[in-house]
Amino acid sequence: MAGQATLATVAPPVAEALIATAAGLFAAIPATAAYNRYIHQLDKLDAQYEVFMDEFTNILHRQVPETKP
1 MAGQATLATV APPVAEALIA TAAGLFAAIP ATAAYNRYIH QLDKLDAQYE
51 VFMDEFTNIL HRQVPETKP
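So for the sequence shown, UniProt numbering puts the first residue at 1; every next one is plus one.
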């Protein structure tokens, strides 16, 4: 029967694809973990800046004399 696939013809490309997949996962998993850690640090920094802005704004409002119309 012509066109029939044998293990000898199918196995090498499948093995190559599995190796490429493993290499991709080897790079992607640590990169994803590093990205998530970086985003978490940015979120914490953003929250700190929000607190700073609120406190600074409150200080400025207390120092500005109130004007009466």
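Where is the CB? At the ideal position from N, CA and C, for every residue including glycine.
Tell me the DSSP secondary structure of G24 in three-state form. helix
Note down the Cα distance separating L7 from L25, rounded to an integer number of angstroms. 26 Å
How many Å lie between Y49 and Q41 at the Cα? 12 Å
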